[in-house]
Amino acid sequence: MQPMPEQSPHHAYPDHWEADVVLRDGGTARIRPITTGDAERLVSFYEQVSDESKYYRFFAPYPRLSAKDVHRFTHHDYVDRVGLAVTVGGEFIATVRYDRIDAAGRPASAPADEAEVAFLVQDAHQGRGVASALLEHIAAVARERGIRRFAAEVLPANNKMIKVFRDAGYTQQRSFEDGSVHLTLDLEPTAESLAVQRAREQRAEARSVQRLIAPGSVAVIGTGRTPGGVGRTVLRNLLGAGFTGRTYAVNSAFAADQGAIDGIPAHRSIGEIGEPVDLAVVAVPADRVPEAVADCGEHGVQGLMILSAGYAEWGAEGRERQRELVRQARSYGMRIIGPNAFGLINNSDAVRLNASLAPESPARGRIGLFTQSGAIGIALLSGLYRRGAGLSTFISAGNRADISGNDFLQYWYEDPDTDVALLYLESLGNPRKFTRLARRTAAVKPVVVVKGARHSGSTPPGHAVPVSRIPDATVSALMRQAGVIRVDTVTEMVDAGLLLADQPLPAGPRVAIVGNSESLGLLTYDACLAEGLRPRPPRDLTTAATPQDFRDALAEALADQSCDAVIVTAIPWVGESGEAESGDGEVLADALRTAADTGPAKPVAVVHVEIGGLAEALAAATSTVAVPRVTAAEPVPGATATAGAPVTAAPGNTPAATAGAGAAQARQSSPAATDTAPTTGRIPAYPAAERAVRALAEAVKYAQWRRQAALPGKVPEFLDDTIDEAGAATRIDALLGPAPDPRGRPLGHDEARELLECYGITVRPTLPAPDPEAAVAAAARLGYPVALKTTAPHLRHRADLGGVRLDLANETALRRSYGELTDLLGKPAELLPVVQSMAPRGVDTVVRASIDPAAGAVLSFGLAGAPSELLGDTAHRLVPATDRDAAELIRSIRAAPVLFGWRGSAPVDTAALEELLLRVSRLVDDHPEVVSVALEPVVVAPQGLTVLGASVRLSPPPARTDLGPRRLPDY
């Protein structure tokens with residue numbers, strides 16, 4: 024929406040204020056600035072508002088707007104006077120306006136920082152969260168224009184509006200004056216306002232998914248008149264699954280007297296149906312989709328699934344067609360799955376929806392599955408079906424132009440039918456939001472992710488995503504920080520999903536191995552060691568073992584307090600005749616299930632070789648057992664947990680109480696959990712030891728994360744006393760200047776040192792040495808012993824190339840080293856040598872922080888030197904980092920033993936290193952203008968550390984879309 028020509032020319036139309044939002048009921052609406060061209064819309068809107076609502080707005084009967092009112096409410100300067108409207112189908116459903124005022128309440132301009140605000144919402148749309156969304160957006164606009172407070176006058180009877188202000192989470196004051204409630208809101212975001220905003224976002228986005236995945240009625244647009252074709256296939260699958268709602272077939276080519284097709288009512292348009300339609304499945308050519316969308320929007324369809332291809336995957340023209348599709352659908356308040364989608368499935372008994380191209384619905388289960396690829400979706404459905412796994416919901420979103428994996432994480436977070444979320448993702452449209460949602464969801468149920476298209480430049484066509492500069496290894500580390508179980512293949516995802524869906528989480532890494540094959544047991548033992556588990560020596564039952572022997576051995580292992588999980592290995596056993604028998608898999612499965620169901624709650628996995636029917640029998644649920652309610656995310660009294668160590672239960676605590684949450688235990692801590700949670704007799708079976716062990720190892724790491732997440736880390740308070748945040752801000756403003764270069768600027772050595780000093784980070788000074796005499800003078804000033812090193816870009820931090828001379832104890836040694844350096848590597852003007860006083864001996868490390876446009880601020884740590892760089896041995900955490908993050912960061916690199924006394928060396932001061940990491944984290948978190956910091960090397964000694972080199976880059980702060988008002992992404 025562009026401004027009319029008469030709009031005030033010195034205040035351009037702020038198109039960045041336009042936003043699509045999801046409302047409380049799951050529908051969408053558009054928020055945009057009001058322009059001079061909106062006069063007729065405003066009058067029409069006002070005519071549909073009840074007299075009572077008009078009275079609440081104007082404090083008097085106000086049946087109609089005068090011409091002067093219309094002019095005032097449509098003419099804004101977008102600075103001191105701003106009006107926003109909420110539109111659906113192009114028409115206003117709500118408005119908000121602020122006028123800047125002075126201390127006496129009179130119209131004012133800057134620097135006045137208070138504004139009077141007023142809302143008006145059509146009665147038909149009240150209760151949808153419209154005013155709450157508007158308040159978020161008008162508050163963001165006001166902050167952008169230098170307004171810090173809102174004042175509002177509300178009649179005491181206008182309880183709805185008072186509640187909007189009260190529940191927003193802003194700091195506020197209320198008073199009763201002249202028969203009205205006077206409210207003052209401080210617009211600075213608070214922890215409470217951000218929590219309120221995100222809770223509303225979760226409820227709204229979850230509801231928008233629920234409207235699509237649990238519809239009361241479905242219309243298939245593009246149902247063919249003859250068998251075959253996409254539309255007819257979807258209709259057949261809907262019928263075959265036993266969908267509990269109403270189904271309609273729609274095709275504009277149907278004859279006027281076509282009453283039904285396959286026993287389903289047939290219509291030529293949505294408008295002919297004459298009844299509400301919740302979900303429309305669109306299976307027509309791309310050039311006919313806009314007509315279908317308009318038909319749906321004009322007749323109140325709640326959501327769309329677009330199976331049609333021919334969009335962003337077809338190039339620039341298709342991308343524009345896809346953008347227009349999203350704009351059109353949202354203008355009617357509808358959300359979209361697709362385009363180029365494969366379909367969705369909901370196995371709930373209350374729904375039984377198979378609106379997909381999958382020929383058979385998978386069994387009902389407790390796994391939620393999201394994919395961005397139809398081909399991968401087919402493969403996953405097939406794999407889960409073969410292994411007897413069941414799904415709660417399945418979605419293949421195609422180009423995911425609108426609804427994405429983030430939306431389904433919002434839905435699964437409180438879905439009582441889903442215990443494990445599996446996601447195959449080829450791109451992350453909003454990585455910061457994904458990390459935030461995944462962390463919250465992982466706190467109550469496992470989230471397993473396979474990330475396709477991991478390498479730079481390989482994002483699939485049709486997926487509009489922000490450009491990220493961070494490598495995939497960093498993405499993986501950040502996912503794990505958020506509790507996400509990141510695996511490499513879809514096979515591993517299924518393996519982990521099966522174990523997590525039906526088995527309790529392990530209390531630690533101790534694994535018992537029992538079976539009838541010594542060789543298979545040893546393979547399992549080796550695999551456990553390779554995955555960082557702590558296996559006990561395998562117990563060989565011999566090939567003569569019977570199912571009863573397996574049962575007894577498993578029961579004994581489960582009862583053993585020194586093990587946290589059991590892996591059973593099985594090959595065909597030898598009968599009385601001495602011949603190998605394939606055996607009855609069902610008999611062995613019954614024996615194992617009986618032992619697992621009657622023993623302590625510990626995870627059990629089976630590795631089998633050529634035992635017919637065993638996997639199928641183990642996958643079959645035969646019983647349900649109610650388990651007591653234990654909130655798995657909460658620490659168990661008397662229990663302790665450390666990285667890589669098992670949980671030790673206090674006397675009287677059973678292993679089940681310390682195990683965490685898989686399967687039934689996830690339901691115990693889910694927001695939507697019921698009073699009892701059934702567990703099943705399913706035991707996952709694997710054809711290879713490595714696959715079973717890898718799945719178990721992921722469960723162990725996730726369980727440990729759950730225990731730690733229950734007691735989150737914190738930023739030590741002592742840092743506040745040694746940090747000059749205001750001083751750093753002043754320096755940054757001065758360094759960037761009044762008109763900063765959008766590309767940013769690197770800081771000089773002294774500039775960087777002074778800025779870092781504001782955060783208690785001392786960089787050891789260096790002095791330039793353009794010739795031997797200058798080097799000698801510098802050494803005399805700093806004091807011997809000294810180091811002589813080059814600072815040329817191609818030699819910086821490359822001691823292996825000979826550009827560093829250490830422990831120079833006197834002038835003679837310094838002059839000799841200077842000559843050797845210039846003779847070997849080049850002239851001083853090329854080498855840019857410097858002199859620096861020696862630091863205490865220790866371990867050379869590197870600390871970095873950077874702002875990635877997609878992932879946000881990232882803190883990194885590793886050892887200095889080419890080997891660590893070549894091997895990618897660097898750990899990462901999101902900023903802001905806590906004390907726990909800092910401790911984990913230095914312990915998670917493979918070379919960490921060097922810091923803790925490897926091969927008899929003295930352990931270094933890791934406490935000082937952790938403090939340095941926290942200071943760097945605070946710097947980039949407090950000042951988004953600091954887009955990169957590199958401290959290299961940081962020499963960590965047994966007592967203290969020394970920062971020998973530092974580089975800092977400043978830039979105008981990038982936009983923080985995760986902190987603004989709720990809005991759907993614009994693709």
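Under this note's numbering, the first residue of the sequence shown is numbered 24, with each subsequent residue one higher. Using N, Cα and C, we set each Cβ at its ideal position, and we do this for glycine too.
Per DSSP, the unbroken alpha helix (DSSP H) holding Arg942 starts and ends at 933–949.
The distance from the Cβ of Ile594 to that of Leu543 is about 6 Å, consistent with a contact at the 8 Å cut-off. Secondary structure within the region 802–874: the beta strand (DSSP E) runs of 3 or more consecutive residues, fully enclosed, are 809–813, 827–831, 856–860 (chain order). If you draw a straight line from the Cα of Ala35 to the Cα of Thr58, it is about 11 Å long.
When beta bridges are read from the DSSP output, Asp563 appears opposite Gly538.
Using a Cβ distance threshold of 8 Å, Arg942 and Tyr782 count as a contacting pair.
Looking at the backbone, the Cα of Ala934 and that of Val870 are separated by about 14 Å.
With contacts defined by Cβ atoms closer than 8 Å, Ser292 and Asp318 form a contacting pair. Rounded to whole angstroms, Gly411 and Val513 show a C-alpha spacing of 16 Å.
Around the Cβ of Asp425, a 10 Å sphere holds 16 or more other Cβ atoms; the residue is buried. Annotated as distal: Phe884 and Leu922, with beta-carbon spacing of 8 Å or more. Going by beta carbons, Val119 and Phe96 fall outside the 8 Å limit. Remark: C-beta atoms of Lys625 and Val591 do not approach each other more closely than 8 Å. If only complete runs of 4 or more residues are kept, the region 286–312 shows the alpha helix (DSSP H) at 293–296, in order along the chain.
For Gln731, the enclosing alpha helix (DSSP H) stretches over residues 712–732. Contact between Ile54 and Val44 holds: CB atoms are separated by about 6 Å, below the 8 Å threshold. Each residue's CA atom was taken as its position, placing Asp280 and Ala272 some 14 Å apart. The beta carbon of Ala712 lies closer than 6 Å to those of Leu546, Thr547, Ala550, Val630 in the same chain, with the five residues before and after it left out. Just so you know, the alpha carbons of Glu843 and Ala929 end up roughly 33 Å apart.
Beyond the five residues adjoining it in sequence on each side, Ala175 comes within less than 6 Å, by CB distance, of Val140, Leu206 in the same chain, given in chain order. With contacts defined as CB atoms closer than 8 Å, Ser840 and Leu831 qualify as a contacting pair. Taking C-alpha positions only, Asp747 is separated from Arg945 by approximately 11 Å. In this structure Ala332 is not in contact with Gln345, their Cβ atoms being roughly 11 Å apart against a cut-off of 8 Å. CA-to-CA, the gap between Ala802 and Leu968 works out to about 21 Å. Inter-residue distance for His772 and Ala919 is about 30 Å (C-alpha atoms, whole angstroms). Around the beta carbon of Pro988, 16 or more other beta carbons lie within 10 angstroms, which makes this residue buried. Inclusion of Ala135 and Leu210 in the CB contact set at 8 Å is not warranted, their separation being larger than that value.
In terms of CA proximity to Leu805, Val858 leads the group Val858, Asn429, Ser155. Shown here, Lys468 sits in coil according to DSSP, grouped into three states, outside any helix or strand. Taking one beta carbon from each stretch, the region 456–468 and the region 70–89 have fewer than 3 pairs nearer than 8 Å; the two do not touch. Here DSSP, grouped into helix, strand and coil, assigns Met328 to strand. When rounded, the separation of the alpha-carbon atoms in Leu392 and Glu449 is 14 Å. According to the DSSP assignment, Phe417 belongs to the beta strand (DSSP E) that extends over 413–419. Listed in chain order, the alpha helix (DSSP H) runs fully inside the region 153–211 are 153–167, 182–189, counting runs of at least 4 residues. Residue state for Val219 is assigned as helix, using DSSP reduced to three classes. Shown here for Asp61: same chain residues with a beta carbon closer than 8 Å to its own, the five before and five after excluded, namely Thr97, Ala108, Phe115 in chain order.
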